[in-house]
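According to mature numbering (1 follows the signal peptide of the UniProt record, and there is no 0), the residues represented by the sequence shown are -20 to -1, 1 to 166, in order.
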Amino acid sequence: MNNKRYFVSIVLGAAFLLLAACSPKTVVPLNYALVTANAGSCGNPINVLVFKDMRESRSIGRDSNGNLLQPGSDVADWVGWSLYEELNAAGCNVKYRSMRQTDNVPVVTGEVLDVRMTPTGNTTWKGVVKIHVAVEREGVADPGETFMSEVEKPVVFGVSSREDILSEALQGIMEQVVPKVMGQLQ
């Protein structure tokens, strides 16, 4: 009797594993790796305010079968936290804030305008990230600037992934944003 239960458990476990392996991979983890080398210091403290997600859809695209791709975490937080990490790595005295403070410290604000994955071939994907960033000093906000980065490359199992493409696209933006923000703080 115990052998029969054991056998049924193994068969059911294998069936669930097979179903999981065949299900569409519709969640794309949002990862990030730093690109900014230590560039000195911003001079003054700075706050990065949590970015706003201004995208029309909460999904980040569709796969080649038409399934919606969902981000593995909050997109606006992924972008804002990545900027915080980049400024910190660049030598800035930076804090990540969920709300404005009354400490008269410059504030970096931002909006996520687009984050999208699109299949462009059998194994090729394109990732797009577009954001708007502004710096406020002494209560005065500059009009800000819009930044966009696109990366298209093949996804090879075990070598690269869709999340790598989005991470690279965000790195492309950070390479543009960090020097601009640091320049406005001098």
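Each residue gets a CB set at the ideal place from its N, CA and C atoms; glycine is no exception. Values in this document were obtained by computation on a predicted structure and should not be read as measured data.
Could you spell out the range, first to last residue, of the beta strand (DSSP E) harbouring V131?
Mapped onto the sequence shown, residue 131 falls at position 151. Residues 125 to 134.
DSSP bridge partner residues for V113 (one or two, in chain order)
The residue you call residue 113 lines up with position 133 of the sequence shown. Paired residue(s): G90, E125.
Proximity below 8 Å, CB of V8 to CB of R96:
Working through the sequence shown from its first residue, we reach residue 8 at position 28. Working through the sequence shown from its first residue, we reach residue 96 at position 116. No, these two residues do not count as a Cβ contact at 8 Å.
Name the one or two DSSP bridge partners that T104 has.
For the purposes of this step, residue 104 is taken as residue 124 along the sequence shown, with counting starting at 1. Looking at the DSSP assignment, T104 forms a beta bridge with P134.
When you compare only the Cα positions, how much space is there between residue 175 and R35?
Residue 175 cannot be examined here, being either before or after the span of the chain that is shown, -20 to 166.
Three-way DSSP call (helix, strand, coil) for N27 in this model:
As a working note, residue 27 is residue 47 in the sequence shown. Reduced to three states, the DSSP call for N27 is strand.
For D57, which three-state DSSP category applies?
The residue you call residue 57 lines up with position 77 of the sequence shown. Helix.
Please list the terminal residues of the continuous beta strand (DSSP E) segment that includes K75.
By 1-based counting over the sequence shown, the position of residue 75 is 95. Unbroken beta strand (DSSP E) run through K75: 74 to 77.
Inter-residue CB distance, I145 and V109 (contact presumed, cutoff 8 Å):
Numbered from its first residue, the sequence shown carries residue 145 at position 165. Numbered from its first residue, the sequence shown carries residue 109 at position 129. 10 Å between Cβ atoms; not a contact.
Could you check where the alpha helix (DSSP H) with R35 kicks off and where it finishes?
One-based indexing of the sequence shown puts residue 35 at position 55. Where R35 is concerned, there is no enclosing alpha helix (DSSP H), given that its DSSP letter is neither H nor E.
In terms of alpha-carbon separation, which member of T6, W58, S78, L14 lies closest to A69?
Taking the sequence shown and counting its residues from 1, the one referred to as residue 69 is at position 89. With distances taken between Cα atoms, A69 lies closest to L14.
From F127 to V113, what does the alpha carbon distance come to, in whole angstroms?
Taking the first residue of the sequence shown as 1, we reach residue 127 at position 147. Taking the first residue of the sequence shown as 1, we reach residue 113 at position 133. F127 and V113: Cα-Cα distance of roughly 8 Å.
As assigned by DSSP and simplified to three states, the class of N15:
Along the sequence shown, read from residue 1 onward, the residue named residue 15 stands at position 35. Looking at the sequence provided, one finds Val at residue 15 rather than Asn. Note: V15 maps to coil in three-state DSSP.
Where C2 falls, given that 16 or more other Cβ within 10 Å makes a residue buried
What you label residue 2 is simply residue 22 of the sequence shown in a count that begins at 1. Low confidence applies here, because C2 scores a pLDDT of 39, under 50, leaving its location unreliable; read the following figure in that light. Exposed, since its Cβ has fewer than 16 Cβ neighbours within 10 Å.
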